[in-house]
Structures are given as C-alpha cells and as structure tokens.
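For reference, the structure is listed below as structure tokens.
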Amino acid sequence: MLILECPYCGVKGEETEFHGGGEAHLKRFGPGSSDADFETYLFMRENPKGVHLERWRHVNGCGKWFHVARCTMTLEVFGSYSAQTLEPPKEIKDILSAKRPGWSWRNFS
Amino acid sequence: MSTRLAKGGARIDRSKPVTFSFNGKSLKGFEGDTLASALLANDQMMMGRSFKYHRPRGVVASGAEEPNALMNMGEGSKFEPNQRATTTELFEGLKAGSQNHWPSLEFDVGVVNNALARFLPAGFYYKTFLFPRFAWKHIYEPIVRQSAGLGRAPDKETRDADTYEHFYFFADIVVIGGGLAGLQAAKTAALSGAKVLLMEQDPHWGGRASVDGGELDGAPVADYIAALVAELEGMENVTLRTRMMGAGVYDHGYLLGYERLRDHAPKVAGPRHRLWRIRAGQIITATGAIERPLSFAGNDIPGVMLAGALRDYIADYGVSAGDRVVVVTNNDDAYKTALAVKAVGLDVPVIIDARAAGGGAIADEARAQGIRIENGKAIAKVTGGKRVKSVKICAQAGEGGVLEEIACDAVAMSGGWSPVVHLWSHCGGKLVWDEEHAMFRPDETRPPLGASGEGFVVPAGAANGVMDMGVGLADADHAGRKAVEALGLTPVDVSLPMFDQAAEAPLEPVWMMPQGAGPKLRMKAWLDYQNDVKVSDVQLAAREGYESVEHTKRYTTLGMATDQGKLSNINGLAVLSESLGQAIPDTGTTTFRPPYTPISMGAIGGEARGEVFQPLRRTPMHAWHEAHNATFEPVGQWRRPYAYPRGEESVHEAVNREILATRASLGLLDASTLGKLIVKGPDAGKFLDMLYTNMMSSLKPGKCRYGLMCSENGFLSDDGVVVRLDEETFLCHTTTGGAERIHGHMEEWLQTEWWDWQVYVTNATEQWAQIGVVGPNSRKVLEKLGGVDVSKEALGFMEYTSGKLGGFDARIFRISFAGELSYEIAVPASQGAALWDALFEAGAEYDATPYGTEAMHVMRAEKGFIMIGDETDGTIIPQDLGLHWAISKKKEDFLGKRAQEREFMANPERWQLVGLETVDGSVIPDGAYAVSEGTNANGQRNVEGRVTSTYYSPTLGKGIAMGLLHKGPDRMGETVEFPGTDGKSYSAKVVSAVFYDPEGEKQNV
Amino acid sequence: MRRYSAFAVAREAARFHSGWERAWRSPQPKKKYDVIIVGAGGHGLATAFYLGKNFGITNVAILEKGWLGGGNTGRNTTIIRSNYLQDPSAALYEKARSLYETLSQDLNYNVMFSPRGVIMLAQTEHEVRGYKRTAHANMLQGVQTEYINAARVKELVPIIDTNGPRYPVLGGLYQARGGTARHDAVAWGYARACSDMGMDIIQQCEVTGVRSSGGKVTGVETSKGAIDCDKLGLVVAGNSGALANMAGFRLPMESVALQALVSEPIKPCMDVVVMANTVHGYMSQSDKGEMVIGGGTDGYNNYTQRGSFHHIEETVRALVETFPMVSRLKMLRQWGGIVDVTGDRSPVIGKTPLGNCFINAGWGTGGFKAIPGGGWATAELIAKGEPGPLSAEFGMERFIEGRFIDESVAAGVAH
C-alpha cells in the first residue's frame, strides 16, 4: 500500500488514488524505425531489482502523469518528478546517489 | 473437575447471570465470562475434536492463541464456524456447538483415525492412495475432505444478516496492544504531542499484568493501569479502542484494525465489525507474548493447559480447571500458577521443574506454601482419554522411565514465552534469536522500512522480548520516545513507577520431555494440537529431506491451522533444528502473514455489497426504461436496456419487433452511454491525426467522420464518430465501455509524449443525454418537434448542427448505425428524460418504438458495421476488417502505424472480414470456427476462420453472420463449414458483409 | 528409490517410520554438468524430469537459491485447466493437464490431482459470446469443455448466487476434467524423481553470474562456486529479469505481485473451482477445507512478495457477491508471490541471444497449471536445441514479428 506524492497538485495520496503506468523514459519509435528498436520500445523492460524509474498517473486526483523513483526491493520512494522530461532531474539523481550509491538505471547513473 | 470458584474473577459480574447453550444444553455463566471460561465453569473441559485424528480437545489457552476450542456459533444467517471460545464474550442466548465430530462430541466415529494414527504419519497421503488412478478423486479424496475441514459450512443460501463498515484513520503513532507496555508507550507518545491511536483486542485494558499482580509505586498494578487509561482518555490527541485487533501491517505505514463492535452484543443495532484502514507514521507493537507448551506424551489430553491460561481463568473468571493441578515447567513463571491454585484452596500435588537447579526465589515461596517441587524431572506421560487422570513422572535427562504416577485432573505447563512478533514481521521486520530466553524477538536494527526507507515499527515490552514488568515499562517508554523522534518531534520525559521484582532463575530450553524420549513417546507428544502434528512428524520430515522450515511446515502441516502456529511454531522448529543438528536461528522461521488472527470476510468486503457492490451508472432515461419493462445488460458499470419485451413476448421476439418497427417507421435508442470526449485547442487536429488511423485535421466544422483508434501495438481499440464542432473543437464519440479508457489514453499521450502540443481533453460523457432517432420517419418526428432545420438540404448525411429542437438545447448529428435515415440528438443530461418523452409523444403516430442494445447489434450487423468487442478482440487490426478506407495513406505517423508494418501484421494470410449466410437459413452458433482439412502439429483441427457476429435477421428472415476467413474476400460464393458444439455442422456461403441496403439508399434520404 | 505405497507405510509403521529414506539427496555440486537448470520450482524440476525421462539426459543439476518449490509453485491457488482460446495455449495447457492425470503414478508420489471441474462464469453478454467461442475452439483443439447455463452452474455449485443484483450469472464455460492438485507435492514429486535419476538438486545455491564466451554459455557462478555446463536453462519465475541481466540480455517482461488468501477450514461445501472474471475473483475448496481465493496483480514492479490490501478487499467483495455465505467465513491468511508478466501475458519458452541458453518464463498468473507441459516442452527445447510443436509459438521472437498469443481477448467493450 504505497504512498506517493503527486508533484503537480502536491497531494500525498495512497496507492488507490494512482494508477501505475510502467517504465518511464521510454523513447518512442515510429514508422521508419527498425524492428529491433520498435520491439525494445514496446516490450523490453528493465524490470530491475532495486532502483526503478516509473510512470504513475494521479487518476483519482488531478489526473496528471508523473514519474517516481522507487526501490522494487524495499518499496522505498525516493521522490517523484514531472513526466515532461527526458531524464530524472538532478535532485532525484542526488537522492539516489546518496541512498543507493553506485545506482544505475538504463543510461542513467 | 473444572468448576466455578466461590469467589474471585476480576472480569465477571456475579450479579448478572447469563444463559447460553452448548451442543443444545442450556448452561449458565456470568456477564464478563468468555465462552471458554463459562464452559469450564460448567465442567465442560472437552470442547472439540482435532483435525486429523479426531482426538478429544480441551481448551489450552485463554486468548487469541487458542487452537482447540473452536465453535460453530449462532444460527441461520448469523451462523459462523470456527469461533474461538477464548475470545468470544458470553451474551444472553449465545448458541454454540463443538466441531469436527459425528455423531457427537463424546462419541465420534472419526476417532478411528486416532486408532490408525501410527499408519497416518505426516505426509502419509503423498505416499498412498496412488491406485487405482481414478480412486483419488472418487473414493479417497471425498473421505479425506469429509474427515478434514473443521466447522460446518454456512447454509448454501445464507445471506449475511449483519452489516460491516470500513473506516479511515490517520495517526502519528498507533500503539497495538493495550497492556501495560502499550499504555505506557501511548502515554509517552501522547504527552510528546503526537496524535495517538491505541488499540486492544480484548475488552479490557492492562493485558495480563493484573493477573500476576504485584505493585507499582506501592500500589496494585490494576490501580496503575486504571490511572493510565484515565489519563489517556482525558487527552484530546489520543483515541482509545478496545475489542480492536491490529490485524496486519502493510507497506508505508498502512495498518488494518479489526474492531468487533457487536460480537458481544448481537442484538444491538449497528455494524458487526468495522475494518479500520489506518495510515500510521509510526507503529508501536506492544502485542505481548504467548506461552509455549511443553512437548511430552499426552500433552494434548483435555485438562493439559498453559500455565498462564490456567491462572488467567482463576484470576479473571474465578474458574478452576481442576482440583489437583500438576505444574510442569522449565522456568519460574509457571510457579505463579501453582501459587494461584494454592491461594484459592486447591491442591498442587507437585511442581515438575525440568531444570536440574530448579527455580529462583519464587520456588522458595512455593515450597514455603508446602508445595512439593521435583527438580530435573519431567512428565513421561499424561494418562487419560477425554480428560487428564494422572501424570507419570520421570527424569528429564532420561528416556522416560517412570518414577512415580501422580493423580491429578489438570496439568499446567510452561515452556517459556515467545514474543508476539507477527505485526513486526508482516512487512519485513527481521528477528533475532535470543539465546538466553530461548525466543525470537524483533531485531531492532532491521525493522520494516517505510516510504522513506526508515523503520516504521517499534516493538515494546514483552513483544520486544522484555518479560520483566519494570524493565518492560522502561522499554515501552523507550519505544514511545523512539517513535516520537522518528516523527521529528521531541519526546518528553515521563517518570516511570518503581517496581521490585525478585530475581528469577534462568529458563532452560526444553524442546522434548524427557530429553531422550523414544519413538513411542514422541508419537504422543503434540506440537500442533489442531492439525495433529507431533514431535515424531517433524522428525520424520527432517529424516526425509524436508529440511527447510517451509518444507517441514508444508509436509507436516505444522502451524497451518487456524491459530497459524502461535503455540506450535517455535517448538516445532526447535525440534526440526535438533533433528538437523543445527542451531535454531539457522533454521529460521516461516513467514508471518496477515492477519494476526482470522478476520471476517464481511469486514474485508465492507459496505460494498448487493446493489452497491460497485457504482451503478444510470442514464437520465433509466427510470423510463425500468417503467417500460426493459431487460438490462451490464456494460461496464452502466446498465443498458437490452430489449423491451411487451406482455407475454419473449426477449427474442421483442428484439425482432423492435427491429422491424424501426426499419418500417421509427425507433428510439437511448445512446447516452456513448463516450463523448471534447478535444480542443490549436493542435487538436494534429493530435487526433495521431490518435485515429484516419485524417481528422481535414474535417470541416459541422462535419462528422467515422474514425478508428489503434493501440501503439497496432490493434484496434475503439471506434466512433468524430464531429468537428468548430475550428478548434472536436467531439470524439467512443464506445460505451471505452470512454474512460480512451480519455486516459489521450491524456497519457498528451502529457507524456506530446506535452508541448496545445490541446485540452475532457470527458463530457455524463453531461449529455443522447438519443438515436432512427427510421424512415425520423425526420418527420424531429420536424414535428420543430426548431432546427433538419431537412436533407440543411443537414446532410454525416453533418452536424445545433440549436433549439422543440425547445430543447440540442446537438444534432446525422449519423447512422442502423442503416436508416437517422439522427442522434444530444441534449444536456438534465433535459434527457423530457426529450425522450417528447419524442415518444410526437412519434406516437409513427409507432415510435424504443429499442435496446440487441436490436442495435442486429441492425448494425445487417449493415455490415463492425462492433468493437465483437469483430475485434484485441488481436484484430483495421486491415483485417476491410477498413483500409479508414486508414490514411497520407499520414507519416499515427499510433499503431509502425506496429502494423511488422511481419505478422502485414501478412496477407491473415483472416479477413466477410459476410456469411447459412445455406439453410439457420443461425451459426456464437463463436463457431470454420474448419479446414487436417490437423496441426499438436493434433488440433486446422481452422480457417470464425464467426464474429451472428444473428437471426428479422429484416431478411434468415441467419446472417460476419466472420473472419482466410483469404475471405477472394472466396465470395464459396461454402465453408462451421461445426457447432451442438453436434451439427453449419454450412455457410461467403458473401458481402453488407446484407441490408448495400447502396445506402435508406440512410441517404 | 524405494517405492511409496500403502504397504510401505504399513511396514514403516511397525518400526515407527524410522526406515524412510530421503525424498531427494542433498549433494554438493560437481564441476560440470551436461545441463544446468536454474530454478528448482515446478517448471525447473519438470524440465529436468522430462530431460531424463524423454531424452535420457540425466547429468543435470538443478540450482535453487532458496528451497525447492518455494517460489510460485508453493504460493498459487493450485488450479489446473486448459480451456484456453488460442491454439498454442490450448495445446500447451492441455498437454500439462493430461500429464497431471497420471502424474501421481508417473512420479510415485500422490500429487492429489483432483479433476473436480472448473467453471468460468459468464456475467455479461460479452462473456457469454466469448465463452461460447472458447467452447467451439476447445472442441476443435481436443479440449473437453462445454458452455453451460445458469441453472447447471447452480446445480454444480450450490453455494453460488446466480441472481445477484449487479452481475447475475448467465452461464459458464465448464471443464469437467479441470481441477486442482497439491502444489507442494508437485514440486516434491518431481524432485524425488529427478534425484532418483541421479540428478543433483542443489538448494541454497544462488546463481550470481552467467559465464559465456563466443555467444555461448560456459557455466554459472554460484554461491557454491563456479559450475560448468553445456547447456543452460533459466526457469526462474519472478527472477527471470535478474537472471537475464546476468546473461546480458533483456526480456519483454515485468515482475509484479500476485496475491491470494485462504479462509479457515470448513466442511466440504464446494466441489468445483469457480472463476468469476467480470467481478475478478476465483475460489475453490482445498482438501483441508479452506476456501482458496485468488486475487489480482498489483500495478507496479515489485519483488517483495507482499501486495496491496485493496486488492484483497476487491477480491473478497467479488466473492461475497458471488457466494454470499463467504461473508460469514474468516480470512485465515493472505500472501503474495512475484510473477513475470510478458507483453501479451502469455509465457515464453524459447531460445535466448545466447546459443545454448534457453528460457522458460513469463507465466504470469498461470504457471502452476502448466508445470508438466511447460517442463515437457522446455526439455524438448533444451535437448534438441530447437523448439518442438508445443513451444514453437512461444519464442520471444514473436514480440518482434507482432505475432502475439493473446488470451485476454475479452476487451470487454461494446456499444
């Protein structure tokens, strides 16, 4: 029973207010892309044990999508941030580096 | 015999007798009794039968850990099996019955299993019942099942007569357990300014502290407890609840409280149970400790009880378990029971202390009372059947050679105490083995971690392994301070009372009594009373390689009974460890899972049952539908009229009549449930071009266009008519089930991919009522209402207009799903019912006929229109359905385009949509497949297609169908075979899917 | 291996059961094996068993980081059925179901397969059509199922309420030879048989690395040292992603928690397994008498084996609605397991980017029922190096080609 904080409306809500949307920072591949790129985009997942960057929607609240940095082994939440970004912001990376030294996730570390 | 003492019983009110019944016998107890204490007071020592061997079982504990005294309670719609007598408060008229026997508790034929016990060791069923093969299901399993189970199943037609409710609560600190430690921790937390919730599973505060008496600051413990409770009750930041159990601890400080509001007073109105869904900043588990049995032969005979429980019954209820009570122990605590028995004038023939050096100061006290003490001794065997007759004494160090037999009618045993670590452990708190006290206690360095990654549970008192009252108070204060600090508050200093406790002699672990007991004794030494697991069973599991504690548990069923091993787990894993020659912490424990004790399904479900099981969505015309005999079908949370049967008419006949009336003159459809999404903004057209396979940006204001939506994975996910209301505003119709989903889909892409596009989306589905006005006379009826010009010239096919229609604020779309001249009229929801009435009034001369979803389905199938969910199933792409015309060739990109370029999707071998007409006019069964020759590599019949929609068409007077067929469009005129599950085969000719008015002459008038 | 029988039990009873031998040996790993299977759950053990039985490959080690059968094999709701819609699924699950029929005899270990029947309730018109379709498909696939009406449902399941106010039961898809089995016994029976064939089941042995060279696996690093192998099978539901990471590739899967619960035991009241998909809940009664109840998956990646309580609430609510008497029972225990869910929610049995490394994973919520079939197909894949007909469609390449095996065809939408 997670508690997450929506970075848009600032509400700290419980899990039932939100809807999980899977892995964050996927790069979309459209027409003209290779089969492999397209498969990676749609199906291949990090599914890490540990630090994960993922999408959530405040579906029973303000309706906004946002990103969360969370640990899949302890369910610790490191922070949430805007969905309108291509990478986690510095303050989130700093928290991760402090709490999970040596962390890495896809191209980020 | 067990009996009510002449005096005493802190919890009972002797001035208030209570009548209850047990197995049909009328008995008397007092207010304040539990069912267990009242039964004991009536000399009803035997209270049930065990699970496997059907052995007689008496009450062994006095609280939530009780494995034996389980009852069928109540009657009819208030019947409930497996109620623990020890936690059931007595009330007038209570009806209870014992379980798991036939024909009666005293004479149970199932006890034959006991005689055969030697042939039924742990896991015997894995090794037997193998032949003949059918016999397991048909002979053995039914016998096993009938013999197993415990309580009676409620009647099959039972409707729970009670109600339940959920309750949300937020607290800085929740203290679970209202014993001395919990009260003290709550006080420290509350005085420090935290919002505190304190819950206690019993009806009483103070836990076991008052039973054992003693003095704090020179006054009786009970006084100190009363003062603490009074102080907490006086504080505004404290909420206190009795009869409320901490049921489970979950991630991020989520906690379930299970409050039993009416179990003790079933005649009082109100919900029976209340499930508290609590978010806690910090949780203090002051859940106490549970005494462990000792493993000696015959330790399951009724009359053998936990030493602490036996003195609880004396102190709390004025009930003695027997006149001659033998005490057997490996620690000092059980001596208190001997003193308690002696104090009420009953006999303790001997205290058998397994420790060679015996007890501490309290042993001297017992000796001074004239009680005989045998150190270094053990019970070799308890004799008796349905109750204890005697104990045979032997040396603990030996193999059980009997030294002496002592007559008695009760045995009080104590193997030490185990902290209740369940709630600490539920969410990942780790344990550490305390060698000195031979127990697992919380490892405070490895607590369960909350959202911040910090610990959020703090154990206190006995639950933290601190058994000494004075030290326990300090530990509780410490826990309170720790929780307060974790919240960022400053703890205040609270003065603690002085407590003098005589030094105790250390406990000596005793896992088998006597230490060298042979197989015969081990086969009679019970670990799990309810599930009939003995020392020999655990040893067998170890011998056979079931070495993990989880293997042993599952192989023997140790700890899997309704008490979840509260009494048996530690003893069992000690035996396992010994068998494996390893230390207990290396064996570890099984996983503690919620709930702490079983909680009612009713409470878990809460209020949402029956009509309010899920939200119900009704259209503005719903009352009309109900008044006109509509049969409804659930579509998502909506109810939609399926058809409107009249008089004796069947549903099928009604559907046919509705179709014919619509095609002949005028039909009206409540289409309000259709999704209506407004997409607005400078980039709205660009956005819709990405969402739909068609081009939407080119749509002119005032025009409508049918559009298809695909998932990014290429599959058709929704369809509907898009209307351009003005330059910047589109109205996107979706399917009934699709409105919320598609709205979410749009938001997702707008917010997470094209967040710089200027588009706003809102779901206006419920703002509008929508009515399909369908049939050759549809224009006439609208013109009769008057207002907006709906003539062919003013409003062409696939056009939109708005204005006053018969006084209503209407949006009028000239679109058709039935293939007739038709309009969809949308009005603000508040005007929906009135417009619906007005249309029927105006349409009376045209035989205006309401039609339901089934008529709608048939009519669209007659026209060859696809239906999302019928022609599509999540595996279908638009190209499969011949919808190439709706897929823009001009657009570089849209959702699903890249996916549809993949090998398998671009494959010309994919099945394609066609129409199907049975050769004999019959209707192809729903879901039938078209077969081709031969079988595939897995021996399955080869198939070449399937029906997707199949109906009797009243318009055409025959069966029609749509279906997907291999190379279908190239096979017009061919006949294909559809074998039905009814044994018949249906031959169908491949035809165009447009059965009715292929030229569109009906709709374009 | 000394065979189990009633006679053997009687013989042992005479000597206080002191003569039973170990069900499986507990060996130290050898330096090298022909095949290493990572994961001693149901699928891993079954794979090893059929490698030996069908292909004579017995120089096999099965490595388990915890205790055998301790993952999802020991955490599921024990339902066995094969009433799947799509041909590849129906073939695989029916193979599994038919192997379950004789598994107790094949393994000389009573796994208590109980073909008591499985009903999937139809509670919307859409479901009615969907299950009629499945019944037609099953008929052609050689899977015995039938569509039954509400009255027959009530006859088979007396405790059900077919006239509930919100989602009355309209009918159901009935597979009479579906049922349940004792989940732990399946793992234990396979383990005993594998051990008897000379295979090494090595528990408490965690794989920490996969060694490869030239695009081929050469062995694994473990907490008990390095072990070489000619072929490697990864059969580690819930940990597939982590193992794939070690081997240097990614999977089209995510790991989420799936929850279940049981009631206190009561006397027999329900002889069939009932699944109600509209309201999301399913229930059967175990031989011990507990009502075994399955819930849903959480919507986020999770390795904690704990789920969120609101799913339990939703599940219980659905069951109280379907079987009103359940309201008077009590929940005894709830638990969670971690399941790997693929992009089309069907499993993967196939090759990996490493030539001699094969994978069986992604069973989602349906792995237990598939154990014998999954093991059979995976053994064939490993032995031959190429998929056989049972697993031909289940390779990971389907995600590139867009050739999905989608069983969730009930999109649940209608106009």
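Protein chains in written order, with the working numbering: chain A, 2 to 110; chain B, 2 to 1006; chain C, 35 to 449.
Just so you know, even glycine gets a beta-carbon here, dropped at the ideal spot from N, CA and C.
Residue i versus residue j: straight-line alpha-carbon distance, rounded
i, j, result
"LYS13 of chain A", "LEU97 of chain A", "20 Å"
"HIS139 of chain B", "VAL110 of chain B", "21 Å"
"LYS29 of chain B", "THR20 of chain B", "5 Å"
"GLY219 of chain B", "MET499 of chain B", "8 Å"
"ILE284 of chain B", "VAL176 of chain B", "6 Å"
"VAL375 of chain C", "VAL920 of chain B", "45 Å"
"ASP690 of chain B", "ILE869 of chain B", "20 Å"
"VAL859 of chain B", "SER666 of chain B", "17 Å"
Cβ-based burial, residue i [other Cβ within 10 Å; buried from 16]
i, result
"HIS51 of chain C", "buried"
"GLN768 of chain B", "exposed"
"CYS1 of chain A", "Residue 1 of chain A is absent from the structure shown; chain A starts at 2 and stops at 110."
"PHE108 of chain B", "exposed"
"GLY808 of chain B", "exposed"
"TYR1047 of chain B", "Here chain B covers residues 2 to 1006 and nothing more, so residue 1047 of chain B does not appear."
"VAL447 of chain C", "Low local confidence applies: a pLDDT of 33 at VAL447 of chain C is under 50, so the model's placement there is unreliable, with the coordinate-based value given in what follows. Buried."
"PHE849 of chain B", "A small fix is needed here, since residue 849 of chain B is Ala in this sequence, not Phe. By the 10 Å Cβ count, ALA849 of chain B comes out buried."
"GLY282 of chain C", "exposed"
"ILE888 of chain B", "buried"
"VAL472 of chain B", "exposed"
8 Å Cβ cutoff, residue i in contact with chain A
i, result
"THR338 of chain C", "yes"
"ASN335 of chain C", "yes"
"PHE402 of chain C", "no"
"GLU288 of chain C", "yes"
8 Å Cβ cutoff, residue i in contact with chain C
i, result
"LYS13 of chain A", "no"
"LEU257 of chain B", "yes"
"ARG46 of chain A", "yes"
"LYS94 of chain A", "no"
Beta carbon of residue i nearer than 8 Å to that of residue j
i, j, result
"GLY454 of chain B", "ALA439 of chain B", "no"
"GLY75 of chain C", "ALA221 of chain C", "yes"
"ALA526 of chain B", "PHE297 of chain B", "yes"
"ASP476 of chain B", "ALA452 of chain B", "no"
"GLY151 of chain C", "VAL306 of chain C", "yes"
"THR356 of chain C", "ASP195 of chain C", "yes"
"PRO381 of chain C", "PHE428 of chain C", "yes"
"TYR165 of chain B", "GLY606 of chain B", "yes"
C-beta neighbour in chain B for residue i, strict 8 Å
i, result
"TYR134 of chain C", "no"
"LYS28 of chain A", "no"
"ARG107 of chain A", "no"
Three-pair Cβ contact test at 8 Å for the segment 318 to 330 of chain C versus the segment 143 to 154 of chain B: yes
Contact the segment 386 to 396 of chain B vs the segment 404 to 412 of chain B: 3+ CB pairs below 8 Å: Cβ pair count under 8 Å is three or more, so yes.
Segment contact flag, the segment 41 to 59 of chain C with the segment 117 to 129 of chain B, C-beta cutoff 8 Å, min 3 pairs: yes
Meets three-Cβ-pair contact criterion under 8 Å: the segment 187 to 194 of chain B and the segment 484 to 498 of chain B: Touching, yes.
Meets three-Cβ-pair contact criterion under 8 Å: the segment 201 to 210 of chain C and the segment 106 to 124 of chain C: yes
At least 3 beta-carbon pairs within less than 8 Å: the segment 791 to 810 of chain B vs the segment 822 to 835 of chain B: yes
The segment 103 to 112 of chain C contacting the segment 94 to 105 of chain B, beta-carbon criterion three pairs below 8 Å: As far as the Cβ criterion goes, the segment 103 to 112 of chain C does not touch the segment 94 to 105 of chain B, which means the pair count is below three.
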